[in-house]
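Encoded as structure tokens, the structure appears first; notes follow it.
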Amino acid sequence: RAVQMAYETRKHFPTQKIWITNEIIHNPTVNQTLRDMEIGFIPVRDDGEKDFSVVANDNVVVLPAFGASVQEMQLLSNKGVNIVDTTCPWVSKVWNTVEKHKKTEYTSIIHGKYAHEETVATASFAGTYLIIKDMKEAEYACDYLLGGKLNGKSGSKEDFLKKFSKAISRGFDPDKHLDFVGMANQTTMLKGDTEMIGKLFETSLMSKFGPQSAAEHFMAFNTICDATQERQDAMFELVEKPLDMMLVVGGYNSSNTSHLQEIAEERKHNSFWVDSADRIDVDKNEIQHLLHYGELVTTKGWLKPGPIRVGVTS
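Be aware that the sequence shown starts at 160, since it is given in this note's numbering, and climbs by one per residue.
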């Protein structure tokens, strides 16, 4: 949907300068196609902030599937530019969720990666928030909530604030902002992980305040995208088949694709994650591929002789 809307934007505005605030989706081929259509990407300054000074009032700006932050949308609105919003409806659903948390003075526990574009945008809609990447971080936060009675691995308040310095809202106080929480997530995270993190916070709050107060202190909500869930479910089915190897195709900065590769690696499959056919050297029988935790490696002799069963997903 987002890609088609971006293509149609060029058709609808054939002569105007068009910008996009970020990659439309995490697919290098699609993003290169947009560049070939002379759709510009907002440049990023040395300090990591986007330079919107390049955008003129008569330009067109496309918001990607991951959305844009409140601050970015306000800036573009003030410029008076034409905005084409391709934000995924599921992302918008998450925004509505964290806004509900804000209105009821609940802390949003966002299961995601704090630097991911979607999570950055979601956090901008939230009031008080804590971004949790994985179960290990959730256990640390819940151990602090319970005064060290979960596993004793949390530290002082200063330790907490240092550990989550890039993943908390301004003025976050773990001594009071963990008592009333609501769940949300980056829509491409593994559903099972989100559910486990949510359940841990719920049971921790139940331990602290009693089962009779559980509903008062914890607000659950499923914000995993349907398309993401379908791919994850299909991958779980695929890894149960007797395969000789797997090929996972998708952008190296794609959270969704990284989880598909993670599923394959956890099931001990010989799995190769590539972002394009250029990663495969047929003559040398070599493949350059990414492991789910981010290491780029080259494997020689990856394609064995004779008939093999290959699972492919993207």
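Glycine residues also receive a C-beta, built at the ideal position from the N, C-alpha and C atoms. Bear in mind the structure is a predicted one, so any value in this text is a computation, not a measurement.
(message) Among M294, S212, P464, whose alpha-carbon lies nearest the alpha-carbon of E354?
(response) M294
(request) Assign L455 to buried or exposed, taking buried as 16 or more other Cβ atoms, counted over all protein chains shown, within 10 Å of its Cβ. (result) exposed
(message) So if DSSP puts I267 in a beta bridge, which residue, or which two residues, is it bridged to?
(response) The question names Ile, but residue 267 is Ser in the sequence shown. Y288, G341, per the DSSP bridge assignment.
(message) So the candidates are T457, N181, P223; which of them puts its Cα closest to the Cα of V433?
(response) T457
(request) Could you tell me the distance, in whole angstroms, from the CA atom of R169 to the CA atom of T246? (result) 17 Å
(request) Figure out for me which residue from L450, T278, D442, N415 has the closest Cα to the Cα of K427. (result) L450
(request) Please name the residue in A165, T256, Y166 whose C-alpha comes closest to that of E264. (result) T256
(message) Given this structure, state the Cα-to-Cα distance separating S372 from K259, to the nearest angstrom.
(response) 20 Å
(request) Would you mind working out which of R438, A300, K459 sits nearest I327, comparing C-alpha positions? (result) A300
(message) I need the DSSP call for L450, collapsed to helix, strand or coil.
(response) coil
(message) For the pair the stretch 356–373 and the stretch 275–288, tell me if three or more CB-CB distances fall below 8 Å.
(response) no
(request) For the alpha helix (DSSP H) holding K358, just list the boundary residues, first then last. (result) 350–368
(message) For T472, tell me which candidate among P464, N412, V398 has the shortest Cα-Cα distance.
(response) V398
(request) Along the alpha helix (DSSP H) that carries M394, what are the first and last residues, could you check? (result) 385–397
(request) Assign M232 to one of three DSSP states: helix, strand, or coil. (result) helix
(request) Express the C-alpha separation of A436 and E182 in angstroms, rounding to a whole number. (result) 20 Å
(request) May I ask you to verify whether the stretch 364–378 touches the stretch 407–419, counting CB pairs closer than 8 Å and requiring at least 3? (result) no
(request) Put N241 into one of helix, strand or coil per three-state DSSP. (result) strand
(message) Strictly by DSSP, which residues pair up with I201?
(response) None, per the DSSP bridge assignment.
(message) Here's a check: name, in chain order, each residue in its chain whose Cβ is nearer than 6 Å to the Cβ of K322, leaving out the five neighbours to either side.
(response) none
(request) Would you mind giving the Cβ-Cβ distance between G410 and P187, rounded to the nearest angstrom? I have them listed as a contact below 8 Å. (result) 6 Å
(request) Identify which residue in K308, V279, M348 has its Cα closest to the Cα of E389. (result) M348
(message) Nearest by alpha-carbon distance to K238: which of D338, S212, T281, V253 is it?
(response) S212
(message) Bridge partners for K463 per DSSP, in chain order?
(response) K463 pairs with nothing; no bridge assigned.
(request) Taking T472 as part of the beta strand (DSSP E), name the residues at either end of that continuous run. (result) 469–472
(message) Buried or exposed for V214, going by 16 or more other Cβ atoms inside 10 Å?
(response) buried
(message) As a quick exercise: from F368, A423, A280, M365, pick the residue whose alpha carbon is nearest that of A393.
(response) A423
(request) Whole angstroms is fine: what's the gap from D244's alpha carbon to G226's? (result) 8 Å
(request) Could you have a look at E167 and say whether DSSP puts it in helix, strand or coil? (result) helix
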